[in-house]
Amino acid sequence: MDTLVKKAHFLRRASFGSTLAELNSSTSNTELLDKWLREQPIINTPNLGSVEKGIERRNQALKFSDWLVNQAIAAPNPLHEKITNFWRDHFVVSIKKIRFPQLLTDYETRLRKYALGDFRDLLWNVTTSPAMLSYLDNAQNRAGKINENYSREVMELFTIGRGQYSEKDIQEGARALTGWIIKPDRQMGIVESIFMPRRHDAGVKTYLGKKGNFKTEDIVDILANHPSIAKTIGHKLWSTFVYPNPESEIVDRLAMVYKNSDRSIKTVVEAVFTSPEFYSAKAYRSRLKTPIYFMIGTLRQLEIKADTVKVMGGLRSMGQVLYNAPTVKGWSDDSGWLTAPSLLTRLNLAQQMTQDYGDDGGFDFDPKNLTAKELVDLLLDGNAEPSLLSAFQGLSIRESAALILSSPTYQLA
């Protein structure tokens, strides 16, 4: 890869796409990665106020969505945004089931704080969050009336994976996870998770080969240190940020990093981005942009000002909205977005985002002094097909931008 391609590739994976200033910066990829990994995350999730009903609750949800979109576009540490989004899609919760937007602001705060920390701390904060307690029913799990939902999903989807546990482990894990409730304070605008000892099953459990009077913290400890979790984390990080289906030796390499670093997510992420395979031909443009990536990345790269309602409408029309995954399994893989209707929607959005002038409160794209060459450098790494270049003849920058956004190459990250 030449310098421009290498910088663009790195910024596509470490952020939601480069701005022209970032692409032309003299700061190396290594320096950027080091800076972003070592910066303390800024936790400034919005205060939505008192817990409301009806239209007020919907307005609170929209306020939170507005904040999420603006953070993804303009946050000073785009890698932290990308990793936080990775965990949103891993530890899925959905507004479809959760009653209060305040649960999501609390959940977002937890993900942001521990996104690059000790995986054990992240898993604990996810497990005991009001959002997860509500979404996977662990707030209804109590001694004498066991609910196995979270116990099953935390192993199957969040940590060690299928084939690593038995039905008995699900049952025993559910017993250990009993005792939690969620309590909203409507006036203060907070929803707390509270452990109630009288609701907890205090008996001895046998879980994943270990025996003891286990509580939630014990289950988290066992899972965070299980031999399979290191491979789960390494495999998913690599598949997301480099290319799908990594070779077993790569997964083993990342698993060793996880173990040797005492479960440090930051250290595993650094190993992913500094691996020689990261810049390989196999990695380049190997991922299809999800609707969120397509929308947020385009707004970020072209510095388009956008109304949140318009952005959320665009995401909804493409079938992907933040904190609204269809199931606990999260969003589909790349192939799930390759449908004729979804691609047609992208073409329509490409036109809207580049042709609107902001007078209808929608998208406001100002090409300023952007040249055709800069546009190709920014959106296509300086590599445009001859047929695409010839199609630029006689087109304005707005029209050229729309053409690039509609091209097959731009759909790939």
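Numbering-wise, the sequence shown is residues 1184 to 1596 according to my numbering. Backbone N, C-alpha and C fix where the C-beta goes; we use that ideal spot for every residue, glycine too. Since the structure is predicted, the reported quantities are computational estimates derived from the model, not experimental observations.
For residue 1306, same chain residues with a beta-carbon under 6 Å away, outside a window of 5 residues either side, are 1403, 1407 in chain order. In this structure, the CA atom of residue 1351 is about 10 Å from the CA atom of residue 1335. Under the 10 Å beta carbon count, residue 1243 is surrounded by 16 or more other beta carbons and is classified as buried. By the beta-carbon neighbour count (other beta carbons within 10 angstroms, threshold 16), residue 1238 is exposed. DSSP assignment within the stretch 1333–1371 yields the following whole beta strand (DSSP E) runs of 3 residues or more, N-terminal first: 1363–1368.
By the Cβ criterion, the stretch 1495–1515 is not in contact with the stretch 1550–1570, since fewer than three pairs of Cβ atoms, one from each stretch, lie closer than 8 Å. For residue 1317 and residue 1416, the gap between their C-alpha atoms comes out near 25 Å. With respect to the 8 Å criterion, residue 1198 and residue 1265 are classified as neighbours on the basis of their beta carbons. Residue 1577 sits exposed, since fewer than 16 C-beta atoms from the chains shown fall within 10 Å of its C-beta. In chain order, 1362, 1364 place their CB closer than 7 Å to the CB of residue 1379, counting only its own chain and leaving out the 5 sequence neighbours on each side. Taking the CA atoms as reference points, residue 1358 sits about 38 Å from residue 1518. Taking a contact to require three or more Cβ pairs closer than 8 Å, the stretch 1530–1538 and the stretch 1578–1592 qualify as touching.
Secondary structure of residue 1191 (DSSP, three-state): helix.
In the structure shown, residue 1587 falls within a helical segment according to DSSP collapsed to helix, strand and coil. No residue range can be given for residue 1311, since it is assigned to no beta strand (DSSP E) and is classified by DSSP as neither H nor E. Each residue's CA atom was taken as its position, placing residue 1341 and residue 1490 some 34 Å apart.
For residue 1318, the secondary structure class from DSSP, reduced to helix, strand or coil, is helix.
A straight-line Cα-Cα distance of about 30 Å links residue 1472 and residue 1312.
Under DSSP, the beta-bridge partners assigned to residue 1447 are 1301.
Under the three-state reduction of DSSP, residue 1423 is assigned to helix. DSSP places residue 1326 outside both helix and strand once states are collapsed to three, so it counts as coil.
When rounded, the separation of the alpha-carbon atoms in residue 1206 and residue 1574 is 25 Å.
Between the stretch 1189–1196 and the stretch 1225–1237, the count of C-beta pairs closer than 8 Å stays below three; the two stretches do not touch. For residue 1374, the enclosing beta strand (DSSP E) begins and ends at 1373–1378. Between the stretch 1475–1486 and the stretch 1243–1258, the count of C-beta pairs closer than 8 Å reaches three or more; the two stretches touch.
Rounded to the nearest whole angstrom, the C-alpha separation of residue 1389 and residue 1303 is 20 Å. The C-beta distance from residue 1434 to residue 1460 rounds to 12 Å, too long to meet the 8 Å contact threshold.
When beta bridges are read from the DSSP output, residue 1388 appears opposite 1395. The DSSP-derived three-state label of residue 1206 is helix. Taking 8 Å as the upper bound for CB-CB distance, residue 1507 and residue 1277 are in contact here, some 6 Å apart. Residues of the same chain with a CB within less than 6 Å of the CB of residue 1488, apart from the 5 flanking positions on each side, are 1547 in chain order.
Non-local beta-carbon contacts of residue 1495 in its own chain, meaning distances under 7 Å to residues more than five positions away in sequence, involve 1248, 1504 in chain order. Residue environment for residue 1448: buried (at least 16 other C-beta atoms within 10 angstroms of its C-beta). Exclusion of the five residues before and after residue 1428 leaves 1422 as the residues of its chain whose Cβ lies within less than 8 Å of its Cβ. In the three-state reduction of the DSSP assignment, residue 1526 falls in the helix class. In the DSSP assignment, residue 1482 is bridged to no other residue.
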